[in-house]
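Residue numbers (this note's numbering): 658 to 1137.
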């Protein structure tokens, strides 16, 4: 089950002699993301589930990762095929000139009664079968190990790309909802300030308001216009980022369903219910567990192993190469027909490299430093991921604490705005006090929306870094 967001009007506009309008009621439950989102009318719209499925089927980065994994699979098959015998059938046709024929054909210099076999023809044909079988080739053996490791690395990279796309789509979806909720709130305050400016102008013309009071409301109205313009731009940018992840030609914020799956909300509630030491212990995993769980680190580890095998494989250039060759051929004659004379040859080949002009040594050193660089990058990536994990945990702790503060602050600012509005109606507070109270309420509500969405995004990022994002969304989208 998911919670559908219900947005009710926040203001009952009373047209009367007073300047300040009635107070805005708060959301019933600040901890519930569903209550913080504006409802939008429309027909069939995209849910988070639909967005995830769309990304898994159409995202170009994920498609490229799948193709890379398929290439690595065929590379491994190609490495295996190098051990198979190579069999070929060869045939050739040779035509020589008369002078060369005369020089080669000794039979014409003997009388007919002397049987001299003919060995030269003006047009001759020659056919043979050849087979080559590798018996020991260290380069082929190491190449198979490299291809096998490359296949594992490509598969891990595909999984890492998949997890990253899941993270980006989920975070992007939540970002669009957050920007939409903030923009809706800013538009409501823009409408209110516009009505207040109109009323202030009428009261100024009636001589009941000074020019300064009117200017304060006009400045506030322009500030709200600026906030709405910035909010619209941020919403467009967030929508464009999500559209690119989904590989859609067009996408608007109105096309998204304003709801967050219960699975995500339940996970946020669970993590937020933990104590600070319990939250920090979530990041206290050893390096082996972190590498095994995080697909990105696992892919980097496989790349390091592949680099090590390439380095080790360079030593194979100093080892001998043993192979077996077999050839059977028909006698060269003046007809393409195969005769019954077919000699066969079997050869055992042994090739031992003695001196290659230091080419082997230079390739060995190049592979050695390539492996060292890959190993250093992998170690740094593990440390960087652990640092990011710690920063994410700290952000969760801070947002959890901040959320409790915002609840109290929101309640205070709502009550304060109601009180100031009533006092202004009786002329006991200034116009500036009303603006300050309204701004404080607006900022508190914007901070409530931002904090809740940021907390959800931080929890998702935590699961991603620990390699358990699939467990969180397994009920949303099937693993492909």
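Glycine residues also receive a C-beta, built at the ideal position from the N, C-alpha and C atoms.
- Taking every protein chain shown into account, the CB of residue 887 has fewer than 16 other CB atoms within 10 angstroms, so this residue is exposed.
- Collapsing the DSSP output to three states places residue 740 in coil.
- Per the C-alpha coordinates, the member of 827, 1005, 805, 1045 positioned closest to residue 1122 is 1045.
- DSSP places residue 934 inside the alpha helix (DSSP H), whose first and last residues are 933 to 938.
- The closest CA to that of residue 944, considering only 938, 937, 954, 936, is found on 954.
- DSSP links residue 782 through a beta bridge to 750, 990.
- In this structure residue 917 is buried. Its beta-carbon is surrounded by 16 or more other beta-carbon atoms within 10 angstroms.
- Assigned with DSSP and collapsed to three states, residue 839 falls in helix.
- For residue 1005, the enclosing beta strand (DSSP E) has its first and last residue at 1001 to 1008.
- Non-local beta-carbon contacts of residue 1115 in its own chain, meaning distances under 8 Å to residues more than five positions away in sequence, involve 1049, 1052, 1053, 1056 in chain order.
- Residue 920: member of the alpha helix (DSSP H) spanning 919 to 929, first to last residue.
- Within the same chain, Cβ atoms closer than 7 Å to the Cβ of residue 891 are found at 836, the five residues on either side in sequence being excluded.
- For a cut-off of 8 Å, the C-beta gap from residue 1124 to residue 952 is around 6 Å, short enough to register as a contact.
- Boundaries for residue 910: no alpha helix (DSSP H) harbours it, and the DSSP string shows neither H nor E there.
- Taking C-beta atoms as the reference points, residue 1059 and residue 903 fail to come closer than 7 Å.
- Put simply, the backbone Cα of residue 958 is about 10 Å away from that of residue 1034.
- Residue 946: member of the alpha helix (DSSP H) spanning 944 to 950, first to last residue.
- Within the same chain, 815 come within 8 Å of residue 723 by CB-CB distance, once the 5 residues on both sides are set aside.
- Taking residue 1108 as the centre and dropping the five residues before and after it, the same chain places the C-beta of 1056, 1059, 1060, 1063 closer than 7 Å to its C-beta, in chain order.
- Comparing C-alpha distances from residue 737 to each of 769, 718, 796 shows the shortest one belongs to 796.
- Around the beta-carbon of residue 735, fewer than 16 other beta-carbon atoms lie within 10 Å, marking it exposed.
- By the Cβ test, the region 718 to 732 is not in contact with the region 742 to 751, since fewer than three Cβ pairs between them sit closer than 8 Å.
- Within the model, the alpha-carbon separation for residue 970 versus residue 825 is close to 39 Å.
- Closest in alpha carbon position to residue 805, among 766, 1065, 936, 731, is 731.
- Secondary structure at residue 725: helix, using DSSP grouped into helix, strand and coil.
- In the structure shown, residue 818 falls within a helical segment according to DSSP collapsed to helix, strand and coil.
- Secondary structure note for residue 878: its alpha helix (DSSP H) is the uninterrupted segment 868 to 903.
- Taking all protein chains in view, the Cβ of residue 1001 is surrounded by fewer than 16 other Cβ atoms within 10 Å, so the residue is classified as exposed.
- Nearest C-alpha to residue 754 among 925, 907, 779: 779.
- Annotation: the continuous alpha helix (DSSP H) that includes residue 1042 extends over 1016 to 1082.
- Look at residue 1111 here: in three-state DSSP terms it is helix.
- Taking one beta carbon from each stretch, the region 1094 to 1107 and the region 1069 to 1083 have 3 or more pairs nearer than 8 Å; the two touch.
- Judged by their CB atoms, residue 807 and residue 726 are not nearer to each other than the 7 Å cut-off.
- Here the alpha carbons of residue 931 and residue 862 stand approximately 59 Å from one another.
- Annotation for residue 1129: the continuous alpha helix (DSSP H) segment containing it runs 1126 to 1130.
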